[in-house]
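Structure record follows, encoded as structure tokens.
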Amino acid sequence: MLKVENLSAAYGGIKAVKNVSLEVKEGEVVSVLGANGAGKTTLLKCICSAMKKSGGNVFFNGKKMPEKPHDVAKMGVVLVPEGRLIFTNLTVYENLMAGAYLCNDKKEVQDNLERVYNLFPILRERKNQFGGHLSGGEQQMLAIARALMARPKLIMMDEPSLGLAPKIVSHIFEIIEKVKSEGTPILLVEQNAYKALSISDRAYIMNVGEIVKEGVPEELLKDRSLIEAYLGS
Ligand SMILES: Nc1ncnc2c1ncn2[C@@H]1O[C@H](COP(=O)(O)OP(=O)(O)OP(=O)(O)O)[C@@H](O)[C@H]1O
Ligand SMILES: [Mg+2]
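Our numbering numbers the first residue of the sequence shown as 217 and each following residue consecutively.
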């Protein structure tokens, strides 16, 4: 459903992404793994047109991805950005409503809210609290929940586990699996390679702007030199 062909991107003269091709099929969780500065965030930003690419093409369900981020959102492609970026001075409820801004059907928004509260009971409990008063883990849940309020056809997540305590990380990954089981395909960027592989159907390894390896988790985990070189211990 998502097809990225030879995507390149640069900051001034510095190439951050070089000829990257990848694919996410219906119902899949696909991970892009790699160290700091590999180009993962840049890749996601280019896919959803938040940043201009310098080359290549992105297709979603056979159509070229629009150039305006707003039109990308209308197509049903949503990014949960690195560092969460929730509205700290809006309540949890208001943050969730902000995620539903493209939907005019009140009943549908209400049903969606119920579904999201069932997925994240803590957000129901905290619905009247300011986003800025939530813990890091709760903010990450809110960021994912807000994206789900848009009923995405594809959800992209940029390092959802970054900076969270191990127990919270496991919880976030359980939620990602639940989102998957509801049928929403996920393109997941992570430095937490083992956790990401444990819930992925396929993965791509990125190093200094390029995809250096692609495969199913079982295969990638067998390759010790690959793990040592790119995925850490
Ligand atoms: N705004 C920017 N201006 C100039 N260079 C940038 C900018 N943002 C990123 N870069 C550079 O582009 C390269 C890729 O960065 P990117 O943020 O995409 O990597 P990443 O894989 O997401 O890293 P991390 O794991 O740290 O989030 C890096 O060399 C980075 O220094
Ligand atoms: Mg990044």
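Cβ coordinates follow ideal geometry from the N, Cα and C atoms, glycine included.
Since we're looking at a predicted model, the values are computed, not measured.
C-beta contact flag for residue i and residue j at 8 angstroms
i: A316; j: A366; result: yes
i: L370; j: L404; result: no
i: L249; j: I421; result: yes
i: A381; j: I302; result: no
i: L218; j: E239; result: yes
i: V332; j: L364; result: yes
i: G347; j: T304; result: yes
i: G425; j: K280; result: no
i: L259; j: V296; result: no
i: E354; j: R342; result: yes
DSSP beta-bridge partners of residue i
i: L249; result: E406, I421
i: M372; result: L295, L403
i: G431; result: A419
i: I230; result: Y227
i: E426; result: N423
i: E221; result: N273
i: L238; result: V220
Residue i, enclosing alpha helix (DSSP H) - first and last residue
i: M291; result: 285 to 291
i: I443; result: Unbroken run through I443: none, as it is neither H nor E.
i: D327; result: 322 to 335
i: F346; result: First-last for F346: undefined, no H or E at that position.
i: M357; result: 352 to 364
i: S265; result: Taken as a continuous stretch (DSSP letters only), S265 belongs to no alpha helix (DSSP H), as it is neither H nor E.
i: P382; result: 382 to 397
i: N311; result: 308 to 315
Selection from the options that minimises the alpha carbon distance to residue i
i: N252; options: I384, S441, L378; result: L378
i: I443; options: Q356, E242, Y410; result: Y410
i: C262; options: E221, E244, D327; result: E221
i: A266; options: M313, P282, A254; result: P282
i: E375; options: V308, T307, R300; result: R300
i: M372; options: G348, G292, S397; result: G292
i: R340; options: E426, V308, G348; result: V308
i: F336; options: L436, Q356, D321; result: Q356
i: N273; options: P433, S224, L260; result: S224
i: K269; options: E393, K383, V236, R342; result: V236
i: D417; options: E324, N311, P401; result: P401
i: G290; options: R440, E298, L318; result: Sequence inspection shows Lys at residue 290; the Gly mentioned does not correspond to that position. That would be L318, whose Cα lies nearest to the Cα of K290.
i: K396; options: S247, E435, M313; result: S247
i: G271; options: A226, L350, P433, G431; result: A226
i: E398; options: K323, S414, P368, N408; result: P368
i: D287; options: C264, E298, M313; result: C264
i: K284; options: N277, V294, G431; result: V294
i: P433; options: G229, K234, V245, E330; result: V245
i: L312; options: L329, E298, E324, V428; result: L329
i: K438; options: I427, L413, N277; result: L413
Start and end residues, beta strand (DSSP E) containing residue i
i: N273; result: 271 to 276
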